[in-house]
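**Student:**
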Amino acid sequence: MELVRLDFSTAVEGVMAFSTTRGQVDGRNAYSGVNLCDYVGDDALRVLDSRLTLAMQLGIDLDDLIMPRQTHSCRIAVIDEAFRSLDIDQQEGALEGVDALVTTLTGVVIGVNTADCVPIVLTDQQAGVIAVAHAGWRGTVGRIVEAVVKEMCLHGAQSHRIQAAMGPSICQNCFEVGDEVVEAFSHARFDMDEIMKRNPDTGKAHIDLRAANRAALMAAGVPAAGIVVSQHCSWCESDRFFSARRLGINSGRTLTGILRH
Ligand SMILES: [Zn+2]
């Protein structure tokens, strides 16, 4: 399985972050090849097979691969010993409607599944805290990354030490939105000159989700120099990364995960 490594602004010892790639793609099947998300309509056995392959590749158990059931919320789950002691059903319950994970545990991969939305991994090496968040436009407007930074700080992190990396997501050119979305960002006090432009031909608004999340991270105290943004666009490179806008909502997802050894 080919993974794209996500680098932080400076090397973080013992921490590995990555996004999956689709691999071998059958153009007629919006779920092919590698999809680890089990709630988007893909064949359950195929999903399990991809999860096993990834777990083996990373040298972890299947149980150590933790992904929430995302709903574009701003809810965060903390993966700790108490969570790990729950049975499978209870764990699933705790991950329902969650869009970000925070942990101080080693040896577990926490990840989110995206197709155009922005996946963000975060780490404070000194505190030994890692996190992952899914920020579509709703999560971005809800400033999910600010909530994640706050949660990390409850576990010993300090915002000025946090490093963040964004994985493959839809680029501004490809992300045309309606005026209700523009309104939502404006309402949430984003600097619209910074994150929005209009296509001169169509007059349509285009939002830069990456810039908006960068602004939200900086508002939470993360230094600009500590934020790295992947330039891979899911729409432009939909043969490599899943794009819900291009492939339809019934399609696979790219997993972005982080692991601390
Ligand atoms: Zn693009």
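At position 247 of the sequence shown (counting the first as 1) the number is 1013 in my numbering, and the numbers step up by one without a gap. Glycine is no exception: its CB is placed at the ideal position from the N, C-alpha and C atoms. Model, not experiment: these values are computed from the prediction.
1) Write down every uninterrupted run of the alpha helix (DSSP H) in the stretch 826–910 whose length is 4 residues or greater and which is fully enclosed by it, in chain order.
2) Here's a check: name, in chain order, each residue in its chain whose Cβ is nearer than 8 Å to the Cβ of HIS921, leaving out the five neighbours to either side.
3) Whole angstroms are fine: how far does the CA of HIS972 sit from the CA of MET958?
4) Taking the Cβ atom as the reference point for each residue, do VAL898 and GLY987 lie within a distance shorter than 9 Å?
5) Distance, Cα to Cα, ARG1026 vs LEU824?
6) Taking the C-alpha atoms as reference points, what is the distance between CYS919 and PRO966?
7) Looking at C-beta atoms only, is the number of pairs between the stretch 789–808 and the stretch 940–954 that lie closer than 8 Å three or more?
8) Use the C-beta contact count for HIS926: other C-beta atoms within 10 angstroms, 16 or more gives buried, fewer gives exposed.
9) Verify whether the separation of the beta carbon atoms of ALA931 and VAL887 is less than 9 Å.
10) Check whether the Cβ of ASN965 sits closer than 8 Å to any heavy atom of ligand 1, and report yes or no.
11) Just list the residues that DSSP pairs SER785 with in beta bridges.
12) Using a Cβ-Cβ cutoff of less than 7 Å, which residues in the same chain neighbour GLY799 once the five nearest sequence positions on both sides are dropped?
13) Could you compute how far the alpha carbon of CYS883 sits from the alpha carbon of ARG904?
14) Is ARG927 helix, strand or coil when you go by DSSP?
15) Straight-line CA distance for LEU814 to SER996?
16) Assign VAL778 to one of three DSSP states: helix, strand, or coil.
17) Contact check, THR1062 vs THR1020 under 8 Å by CB: the rounded distance?
18) Less than 8 Å between the CB of ILE936 and some heavy atom of ligand 1, yes or no?
19) How would you write the range of the beta strand (DSSP E) that ALA971 sits in, first residue to last?
20) Could you give the C-beta distance for GLN938 and VAL778, rounded to a whole number, given that I count them as a contact under 8 Å?
**Tutor:** In short:
1) Fully enclosed alpha helix (DSSP H) runs of 4 or longer: 847–850, 854–860, 903–907.
2) For the purposes of this step, residue 921 is taken as residue 155 along the sequence shown, with counting starting at 1. Once the five neighbours on either side are set aside, the close Cβ partners of HIS921 are VAL844, VAL868, THR870, ALA893, VAL895.
3) Looking up residue 958 in the sequence shown gives position 192. Looking up residue 972 in the sequence shown gives position 206. Rounded to whole angstroms, MET958 and HIS972 show a C-alpha spacing of 11 Å.
4) Here residue 898 corresponds to residue number 132 of the sequence shown, with the count starting at 1. Here residue 987 corresponds to residue number 221 of the sequence shown, with the count starting at 1. Inclusion of VAL898 and GLY987 in the CB contact set at 9 Å is not warranted, their separation being larger than that value.
5) The count along the sequence shown starts at 1 and reaches residue 1026 at position 260. The count along the sequence shown starts at 1 and reaches residue 824 at position 58. Cα to Cα, ARG1026 sits roughly 11 Å from LEU824.
6) For the purposes of this step, residue 919 is identified with residue 153 of the sequence shown, where counting begins at 1. For the purposes of this step, residue 966 is identified with residue 200 of the sequence shown, where counting begins at 1. Looking at the two C-alpha atoms, the distance is approximately 43 Å.
7) Contact between the stretch 789–808 and the stretch 940–954 is absent, with fewer than three C-beta pairs closer than 8 Å.
8) In the sequence shown, the residue the question calls residue 926 occupies position 160. Residue environment for HIS926: exposed (fewer than 16 other C-beta atoms within 10 angstroms of its C-beta).
9) Numbered from 1 along the sequence shown, position 165 holds the residue referred to as residue 931. Numbered from 1 along the sequence shown, position 121 holds the residue referred to as residue 887. Yes; because the gap between Cβ atoms is below 9 Å, this pair is in contact.
10) The sequence position of residue 965 within the sequence shown is 199, counting from 1. Not under cutoff, so the answer is no.
11) As a working note, residue 785 is residue 19 in the sequence shown. Residue pairing of SER785 in beta bridges, as defined by DSSP: VAL770, THR1022.
12) For the purposes of this step, residue 799 is taken as the residue at position 33 of the sequence shown. The residues are ARG788, GLY789, GLN790, VAL791.
13) As a first step, residue 883 must be located in the sequence shown, where it is residue number 117. As a first step, residue 904 must be located in the sequence shown, where it is residue number 138. Straight-line Cα distance between these residues: approximately 10 Å.
14) To locate residue 927, count along the sequence shown from 1; it is residue 161. Secondary structure of ARG927 (DSSP, three-state): helix.
15) By one-based count along the sequence shown, residue 814 stands at place 48. By one-based count along the sequence shown, residue 996 stands at place 230. Rounded to the nearest whole angstrom, the CA to CA distance from LEU814 to SER996 is 27 Å.
16) Here residue 778 is taken as the residue at index 12 of the sequence shown, counted from 1. In the three-state reduction of the DSSP assignment, VAL778 falls in the coil class.
17) No answer is possible for residue 1062: it lies beyond the span of the chain, which begins at 767 and ends at 1027.
18) Here residue 936 refers to the residue found at position 170 of the sequence shown. Yes, since a heavy atom of ligand 1 falls inside the 8 Å radius drawn around the Cβ of ILE936.
19) On the sequence shown, position 205 is the one that residue 971 refers to. ALA971 -> beta strand (DSSP E) spans 971–973.
20) In the sequence shown, residue 938 corresponds to position 172, counting from 1. In the sequence shown, residue 778 corresponds to position 12, counting from 1. 28 Å between Cβ atoms; not a contact.
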